[in-house]
Amino acid sequence: MAPPGGVSVLAARLANTYASVAAAAPKALILVTGYPYLFETPAATNPNFSTIVAINQATTALNATIAGVVGTLQAAGVNIEYVDVTAAFDGHEIGSAVPFINSTGPDAFHPNAAGYVAYAAALEAALPTKHGYDTDDNRPGGWGAGAAHLSCSRWTLGGGRSVVDWFAADLVVGMEQRLVEQVPDVAPA
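Residue numbers for the sequence shown follow our numbering, so the first one is 20 and each next one is one higher.
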């Protein structure tokens, strides 16, 4: 369902949100992810074919809107980048042999543990070479010991910690610390 006012209202709201983030942290790199396709397109004989195609087309339109807003802000000088996650989820839609998206329950249509790993890998791929971030070492300019490491080897379910635990504890705390170190005018609340 489109938001009240349609795509133009959504685009304006996204632009305002991203611009607010940029204003609050003017030296930060803002990475904005798109959405994966929830379903693999079935054969045309599938009774749900038209519904699934419509959902996937809506995902394409949503991602294009997000990417368009990001592109407009980039052109205005905002340090922002769109990160496409569709390739990371390709072949892992709901109903696939190894889905990255929950199909039922309170987390239906949201990533499962493997889906969060896919998101992390897509974000990591956007950082190091394009923006000079070094996620794995302690050299000046690197993330350093104890800071956020997005390496997928860290995103396992070992040690009793879930991917969400890693994301909430290590990634967020590490990135907040990194912002404090690199951008003294931005401190976590």
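The beta-carbon is built from N, C-alpha and C at its ideal position, and this holds for glycine as well. Only a predicted model underlies this, so the values are computations on that prediction, with no experimental measurement involved.
Inclusion of Ala-34 and Val-89 in the CB contact set at 7 Å is not warranted, their separation being larger than that value. A direct Cα-to-Cα measurement between Ser-39 and Thr-64 gives close to 47 Å.
Rounded to the nearest angstrom, the gap between the Cα atoms of Ile-74 and Ile-120 is 15 Å. Between Ile-71 and Phe-58, the C-beta gap is smaller than 7 Å, which places the two residues in contact. Note: Thr-52 is bridge-paired with Val-102 in the DSSP secondary-structure output. The DSSP-derived three-state label of Phe-128 is coil. For Leu-29, the uninterrupted alpha helix (DSSP H) run begins and ends at 26-43, by DSSP. Rounded to the nearest whole angstrom, the C-alpha separation of Thr-123 and Thr-60 is 19 Å. By the CB criterion at 7 Å, Val-102 and Ala-44 fall outside the cutoff. Taking all protein chains shown into account, Phe-108 has 16 or more neighbouring C-beta atoms within 10 Å of its C-beta and is therefore buried. In this structure, the straight-line span from the alpha carbon of Thr-52 to that of Val-104 is close to 7 Å.
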